Structure formats: structure tokens, C-alpha cells
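A.B. asks: Dropping the structure in here first, questions after.
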Amino acid sequence: MSLVVKMNGGQNMNGNGVHHVSVRTHLSVNPAKLKSLRQRWNVKPSEMSKKTLNPIRAIVDGMTLTPNPEKPMIALSIGDPSVFGNLPTDDSVLQALKEAIDSQKYNGYAPSVGYQKSREAVANFYSCPEAPLEGKDVILASGCSQAIELAITVLGQYFSPTPGFSLYKTLAVSMGIQVKHYNLLPEKSWEIDLQHMESLIDDKTTCLIVNNPSNPCGSMFSKEHQQNILSVASRNCIPILADEIYGDMVFPGCDFQSLAPLSSDVPILSCGGLAKRWLVPGWRMGWILIHDRNDIFGSEIREGLVKLSQRILGPCTVIQGALESILNHTPPEFYQSTVNFLKSNSEICFSELSTVSGLNPVMPSGAMYIMVGIEMEHFPEFQNDVEFTERLVTEQSVFCLPATAFEYPDFFRIVVTVPEEMMIEACIRIREFCARHYRPRSQDSHDLDQ
Ligand SMILES: *Cc1c(COP(=O)(O)O)cnc(C)c1O
């Protein structure tokens, strides 16, 4: 028997707030049946849990990370701007949350897609004449990660970049969704190899993931490049999942352009959140902006997203309560000082490492990362980026994530949110490490030997 229980506060929103509760009416059990129950414990994890793999964990856990006891550890691997305490969020953001808590208005269930008022606040924040948004076009989620999960789950098989954020693959593989990888081009500031991407499209392709600005590259696409991406999508009738969590988190002088306003036809789910730009990843607030001006997604995709959101019943309500104030009252100086810091640290790291023999850093334009290429032929002691970064820990107590974690060997990623003095010290140690292991023109000297 099933009872429908109507909850307070979840009124009329897409059926949210309506819960089905199973109630056992007959508790009498036939004793003969008990014998047929399992005789032994046999608890096994589900197939889905077994197929859920975080490549970063898989690689890092397989590494022997024993720092040099004479040097304090410097971790340049953690993509969390809050860990060193040097980049606190703005006071106004904290104040907004305190007020939301004190109001006692946000202790109950919200609609699973978020409070209407909070959705409208996000819509107003991102709406522009070329890509207008209303509250109904916003779905709030538990972090950008859940926003991406909802979008992938509703759209299905997709393409993602290499190097690219590992969550895309983790989510898809666990759901049995096939992933194809298109290449980014380091020599073109990590633009997409559009020819390669288009060559992979087939009749099963249902979604293209574009991450701009990029983790792990720190790159930002030009308007022209984004228009070219949209042409490919438009020509092949493929919707786009735009991961724009680093939107507007670009260096002074770089002009971030989000994807949706550049297109009048390609349907786009743009995912974002508070984590990076507002420096509060632990608050787990993200969103999907549904851009669908020609009604191509139509009601089916929107309903799909609503249904999927009902599995979790939406993100934390007090953060939702604070959202309008966070978006509208964070002072511009806060954003500016964050990106000024990221730019300055990136420049320190880039200029230090670009004069190190055997390394090729690629200067970023935003986000919080630098990718550094390793000329492996000059470091014959190491098989690959994993061994290289492992030994960097052993000798210099500096940990950088090997880019094999992003399906892109022979690079490593540096996080630039660390305090400046740590960045400088880390670069000195990386230089020392490379000087010790670099073998000049190994190919030529090998020829001479012969
Ligand atoms: C950090 C990050 C996310 C996840 O953000 P959360 O809001 O913390 O879930 C998504 N995409 C990219 C590219 C990221 O770097």
C-alpha cells in the first residue's frame, strides 16, 4: 500500500514536496517462508559502485608519495582555493549566509529544483539580451558537480576534452554512458582540435561537453573559437553541456564570453556554481542554466531534469536562502582581487618554469591552474609524468598532479591558489630537481656513442 504525503512548503512546484511512503499493513509473517531466506551474509557492492572510478584517486593512490623529511611539503595539487587560508571568501558572502540562517526561513524542504526566488536570482545574474533567462530556466544543484551529473544523465552519450576534468568520465562510465575524447591543442593555447572533434561525431552522439575556462589548462577560448565550436554543434545538431564554473574567473585584460549568447540555435545547458568564483567549494551550490531559445530541448529535457533533481531534493536550503544576496551584493573588488592574485601567481610560476630546461609551461588566462609540459626524452630516468612527479615529492617535497589523471600524459598541473611565497619556493625546488635529472640532447649523445 502506498500513501501520498503532502509536505508543507513544497507547494505546487512540479510535484515537489510530494512524497510516497510505503506502509506495511500486514505484519504477520508465514514462518515457513523464513527458511527460504539467505542462510549466510553475502553483501556485495552494486555494479554501479564498482564502475565508479575517480582517475585522480586511482593514480595518486598508486603513487609512492614519501616527502623529503628535510623539506616541508608543498602541495600544488589541490583544486580547492580555501585550503591555505590565503583566499578567504568575501565578508558579504558570510554575512548573507548568517542572515539566511537567522531568518529561520530555510529550515524546511525546498522544491527539488530550488526555491523560485533563488532560481530567479541566478537567472537575473546571468541573463543578457542575447540569451535571456528566467527563473524556470534555472535548476539549482548540490555543487556544479551535481549540475553536471544531471545534465549528463539527461542528455546521454557525449564528448569531452583531453586534457579534461575527470568527473565527466567518472560520471558517465558509472552510468554506462559511452565517452569519446576530443583533443585540445597546447600549441594553440589549448583550443579544441575541431577537425578531430567533428570526425568523432556519429549518429549516437547526443551531447558535447565544453569546459571554458578550463580545468586543468587555465585556458580561455576566444569569441571566434567559441563561434567555431558552435558551428560544429549546429551543423551536426548536437546540444552542448558548457561547464562554465570558472566563468568570469579570468585575468584582468581577458574578456570572458560565455557560450550561450553567441548562439541563436544550439541548445545549451550551462553549468556553474559558487565553488570557485566565490571561493566556497564546500558550500555545494551549483546550477544549470537552460538556454533553449528555439525550444529544441522542449518540455522533455526540462522535465527530465526536474525528475532527476527529485532523487536528491535539491541543494542545501540555507545556501539557497543566501544566494540572492551573494550574487547581488558581493563587491566587484572581491572578484578583482582574486583574479589579480591568480594572475600574479601564474606569472611567477610561468616565468620561473619557462626558463627551466626540459619544462614547457603554458601560460593560462584564467581559472586556477597551469599545465606544464615535460620533455620526457630529456629525463631518461623517468618513464612518464607519474614517475616524474612521484620523484619530485621524494626529493623536493613538492607535489603536482601528473596529467595522466586528465588523460594527458607528459604534463603536470600546478594549482596557483597557494600563497605566493610557497609558489616561489616550489618553483625553486622544481628547478633544482630538473637541473639534477635533465640530460641534454640525449638523442645526439646516443648517436655519438655509436
Ligand atoms: C571544481 C570544478 C567543478 C565542481 O564544482 P563543485 O561546485 O565544487 O561541484 C566542476 N567543473 C570543473 C571544471 C571544476 O574544476
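Heads up: the sequence shown runs through residues 1 to 450, numbered per UniProt numbering.
Built from N, CA and C at the ideal position, the CB exists for glycine as well.
As the structure is a prediction and not an experimental result, all values here were calculated from the model.
Hey, would you say the C-beta of residue 256 is under 8 Å away from at least one heavy atom of ligand 1?
C.D. replies: Here the question's residue 256 lines up with position 256 in the sequence shown. It does not: the Cβ of residue 256 is nowhere closer than 8 Å to a heavy atom of ligand 1.
A.B. asks: Determine whether the beta carbon atoms of residue 384 and residue 376 lie at a separation below 9 Å.
C.D. replies: By 1-based counting over the sequence shown, the position of residue 384 is 384. By 1-based counting over the sequence shown, the position of residue 376 is 376. Result yes, Cβ atoms of residue 384 and residue 376 sit closer than 9 Å.
A.B. asks: Restricting to Cα atoms, I'd like to know which of 165, 416, 145 and 86 is closest to residue 275.
C.D. replies: Residue mapping note: residue 275 aligns to position 275 of the sequence shown, counting from 1. Per the Cα distances, 145.
A.B. asks: Taking the beta strand (DSSP E) that residue 243 belongs to, which residues open and close that run?
C.D. replies: What you label residue 243 is simply residue 243 of the sequence shown in a count that begins at 1. Note, residue 243: beta strand (DSSP E), 240 to 243.
A.B. asks: Any heavy atom of ligand 1 closer than 8 Å to the CB of residue 215?
C.D. replies: Here residue 215 corresponds to residue number 215 of the sequence shown, with the count starting at 1. Yes, Cβ of residue 215 sits closer than 8 Å to a heavy atom of ligand 1.
A.B. asks: So, is residue 43 buried or exposed, given that buried needs 16 or more other C-beta atoms within 10 angstroms?
C.D. replies: Locating residue 43 in the sequence shown gives position 43, counting from the first residue. Counting Cβ neighbours within 10 Å, residue 43 comes out exposed, since fewer than 16 surround it.
A.B. asks: Reducing DSSP to helix, strand and coil, say where residue 370 ends up.
C.D. replies: Position 370 of the sequence shown, counted from the first residue, corresponds to residue 370. It is a strand residue.
A.B. asks: Quickly, what does DSSP pair residue 139 with across the bridge? List them, please.
C.D. replies: Along the sequence shown, one-based indexing puts residue 139 at 139. Bridge partners of residue 139: 288.
A.B. asks: Mind checking whether residue 280 and residue 342 have CB atoms under 9 Å apart?
C.D. replies: Numbered from its first residue, the sequence shown carries residue 280 at position 280. Numbered from its first residue, the sequence shown carries residue 342 at position 342. In this structure, residue 342 does not lie closer than 9 Å to residue 280 by Cβ.
A.B. asks: Determine whether the beta carbon atoms of residue 388 and residue 350 lie at a separation below 9 Å.
C.D. replies: Here residue 388 is taken as the residue at index 388 of the sequence shown, counted from 1. Here residue 350 is taken as the residue at index 350 of the sequence shown, counted from 1. Cβ atoms of residue 388 and residue 350: not closer than 9 Å.
A.B. asks: If you run the structure through DSSP and keep just helix, strand and coil, what is residue 426?
C.D. replies: Your numbering for residue 426 matches position 426 in the sequence shown. Helix, per DSSP.
A.B. asks: Beta carbon of residue 41, beta carbon of residue 141: below 9 Å?
C.D. replies: Taking the sequence shown and counting its residues from 1, one reaches residue 41 at position 41. Taking the sequence shown and counting its residues from 1, one reaches residue 141 at position 141. The answer is no: Cβ separation not under 9 Å.
A.B. asks: Buried or exposed for residue 217, going by 16 or more other Cβ atoms inside 10 Å?
C.D. replies: Mapped onto the sequence shown, residue 217 falls at position 217. Residue 217 is buried by the Cβ-count criterion.
A.B. asks: So residue 415 is in the beta strand (DSSP E); what residue range does that whole segment cover?
C.D. replies: Position 415 of the sequence shown, counted from the first residue, corresponds to residue 415. From DSSP, the beta strand (DSSP E) with residue 415 extends over 411 to 415.
A.B. asks: Only counting runs of 3 or more residues, tell me where the beta strand (DSSP E) segments fall wholly within the stretch 146 to 188, in order along the chain.
C.D. replies: List check, beta strand (DSSP E) in window: 158 to 162 and 179 to 185.
A.B. asks: Taking residue 320 and residue 114 to be in contact with their CB atoms under 8 Å, please state how far apart those CB atoms are, rounded to whole angstroms.
C.D. replies: Your numbering for residue 320 matches position 320 in the sequence shown. Your numbering for residue 114 matches position 114 in the sequence shown. Right, their Cβ atoms sit about 6 Å apart.
A.B. asks: Residue 392 lies in the alpha helix (DSSP H); which residues open and close that run?
C.D. replies: Within the sequence shown, the letter at position 392 stands for residue 392. Unbroken alpha helix (DSSP H) run through residue 392: 385 to 396.
A.B. asks: Which two residues bound the contiguous alpha helix (DSSP H) that contains residue 321?
C.D. replies: What you label residue 321 is simply residue 321 of the sequence shown in a count that begins at 1. Its alpha helix (DSSP H) spans residues 317 to 329.
A.B. asks: Give me the Cα-Cα distance between residue 168 and residue 136, rounded to the nearest whole angstrom.
C.D. replies: Here residue 168 is taken as the residue at index 168 of the sequence shown, counted from 1. Here residue 136 is taken as the residue at index 136 of the sequence shown, counted from 1. The alpha-carbon atoms of residue 168 and residue 136 are separated by roughly 25 Å.
A.B. asks: Would you please verify whether the beta carbon of residue 220 is less than 9 Å from any beta carbon of chain D?
C.D. replies: This model lacks chain D altogether, as it is built from one protein chain only.
A.B. asks: If you compare alpha carbons, which of 324, 424, 183 and 112 is closest to residue 345?
C.D. replies: To locate residue 345, count along the sequence shown from 1; it is residue 345. The residue with the shortest Cα to Cα distance from residue 345 is 424.
A.B. asks: Between which two residues does the beta strand (DSSP E) harbouring residue 270 extend?
C.D. replies: Here the question's residue 270 lines up with position 270 in the sequence shown. 268 to 273 is the span of the beta strand (DSSP E), which, as asked, contains residue 270.
A.B. asks: When you compare only the Cα positions, how much space is there between residue 62 and residue 390?
C.D. replies: For the purposes of this step, residue 62 is taken as the residue at position 62 of the sequence shown. For the purposes of this step, residue 390 is taken as the residue at position 390 of the sequence shown. Cα to Cα, residue 62 sits roughly 10 Å from residue 390.
A.B. asks: Compute every distance between the C-beta of residue 345 and the non-hydrogen atoms of ligand 1, then say whether any falls below 8 Å.
C.D. replies: Counting from 1 along the sequence shown, the entry for residue 345 is found at position 345. Outside the cutoff, so no.
A.B. asks: At a cut-off of 8 Å, would you count residue 277 as near ligand 1, judging by its Cβ distance to the nearest heavy atom?
C.D. replies: Residue numbering aside, residue 277 sits at position 277 when the sequence shown is read from its first letter. No - ligand 1 has no heavy atom lying nearer than 8 Å to the Cβ of residue 277.
A.B. asks: Suppose you measure from the CA of residue 191 to the CA of residue 441; what does that come to, to the nearest Å?
C.D. replies: Reading the sequence shown from its first residue, position 191 is the one you call residue 191. Reading the sequence shown from its first residue, position 441 is the one you call residue 441. Near 30 Å, if we compare the C-alpha coordinates of residue 441 and residue 191.
A.B. asks: What number of angstroms, rounded off, separates the C-alpha of residue 437 from the C-alpha of residue 58?
C.D. replies: Along the sequence shown, one-based indexing puts residue 437 at 437. Along the sequence shown, one-based indexing puts residue 58 at 58. Going by the C-alpha atoms only, they are around 27 Å apart.
A.B. asks: Can at least three beta-carbon pairs, one atom from the stretch 114 to 132 and one from the stretch 250 to 267, be found at a separation below 8 Å?
C.D. replies: Yes, the stretch 114 to 132 touches the stretch 250 to 267.
A.B. asks: According to DSSP, is residue 296 helix, strand or coil?
C.D. replies: For this step, residue 296 is matched to residue 296 along the sequence shown. Looking at residue 296 - three-state DSSP - the assignment turns out to be coil, as it is neither helix nor strand.
A.B. asks: What residue does the beta strand (DSSP E) around residue 349 start on, and which one ends it?
C.D. replies: In the sequence shown, residue 349 corresponds to position 349, counting from 1. Where residue 349 is concerned, there is no enclosing beta strand (DSSP E), although the alpha helix (DSSP H) it sits in stretches over 332 to 353.
A.B. asks: Is the closest heavy atom of ligand 1 to the C-beta of residue 211 under 8 Å?
C.D. replies: Within the sequence shown, numbered from 1, the residue matching residue 211 stands at position 211. Result yes, Cβ under 8 Å from ligand 1.
A.B. asks: Is DSSP giving residue 301 helix, strand or coil here?
C.D. replies: Within the sequence shown, numbered from 1, the residue matching residue 301 stands at position 301. Reduced to three states, the DSSP call for residue 301 is helix.
A.B. asks: Does the contact criterion of 3 or more C-beta pairs under 8 Å hold for the stretch 147 to 156 versus the stretch 352 to 371?
C.D. replies: Too few Cβ pairs lie closer than 8 Å, so no.
A.B. asks: Is the separation between the beta-carbon of residue 211 and that of residue 253 shorter than 9 Å?
C.D. replies: Here residue 211 corresponds to residue number 211 of the sequence shown, with the count starting at 1. Here residue 253 corresponds to residue number 253 of the sequence shown, with the count starting at 1. Contact flag unset, no.
A.B. asks: Could you pull out every residue in the same chain whose Cβ sits closer than 6 Å to the Cβ of residue 363, ignoring the five residues on either side in sequence?
C.D. replies: Sequence index remark: in the sequence shown, residue 363 carries index 363 (1-based). Here the set comprises 350.
A.B. asks: Helix, strand or coil for residue 202, going by three-state DSSP, please let me know.
C.D. replies: Reading the sequence shown from its first residue, position 202 is the one you call residue 202. Coil, per DSSP.
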